[in-house]
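Here the sequence shown is numbered in numbering that gives the first Met the number 0, starting from 0 and rising by one per residue.
Virtual Cβ for every residue (Gly too), placed ideally from N, Cα, C.
Let me begin by presenting the structure, written as structure tokens, before commenting on it.
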Amino acid sequence: MPQGTILRGIAHDLPRRFLGLPRARQAEVLADPPPLTRTRWDALLAAVAEHVAELHGHSVPAWADEPARFLRVPWIVSADPEIRANSLLYAPPAFIRHGALPDSRDFDARGGERHAWDPEP
């Protein structure tokens, strides 16, 4: 699967779907730890979970604090210099903490992408 598709699924579509769940189901989803992939995607997923938990008044899930869900060397997802700079300037705290920095300008106040996205063109 292309990196861009994975990124959009984790950083944009996942928060949008989370927002659409009833509050009790949101808490259940947050509590259930996803399996580790042993890749940098683990840090990004933990950052997204922490970010949406805080935005919507939930406790940060314990699994988001597992050492394997942090990057020692920060990962700025985009190669574009302007987007990289914006990723550093506007990253929410959860993303800085985990070391995974997507282009946070894509997030709206709910924590997800402003517009619905269909991964199949």
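If you ignore the 5 residues before and after Ala93, its C-beta comes within less than 6 angstroms of the C-beta of Ala46, Glu49 and His50, all in its own chain and listed in chain order. Counting every other CB atom within 10 Å of its CB across the protein chains shown gives Gly19 a total below 16, marking it as exposed.
Around the beta carbon of Gly98, a 10 Å sphere encloses 16 or more other beta carbons of the protein chains shown; the residue is thus reported as buried.
The beta carbon of Ile82 lies closer than 6 angstroms to those of Asp102 in the same chain, with the five residues before and after it left out.
A check of alpha carbon separations from Asp31 across Arg39, Arg15 and Val59 identifies Val59 as the nearest. Under DSSP, the beta-bridge partners assigned to Trp74 are Ala99. Spanning the alpha carbons of His55 and Ala10 requires a straight line of approximately 16 angstroms. When the beta-carbon positions are compared, Trp40 and Ile95 stay at least 9 angstroms from each other.
For Ser58, the three-state secondary structure derived from DSSP is coil.
The Cβ neighbour count for Ala78, taken over all protein chains shown within 10 Å, is under 16; the residue is labelled exposed. Here the C-alpha atom of Pro80 lies approximately 10 angstroms from the C-alpha atom of Ser86. A residue is called buried when at least 16 other Cβ atoms come within 10 angstroms of its Cβ; Leu44 meets this threshold and is buried.
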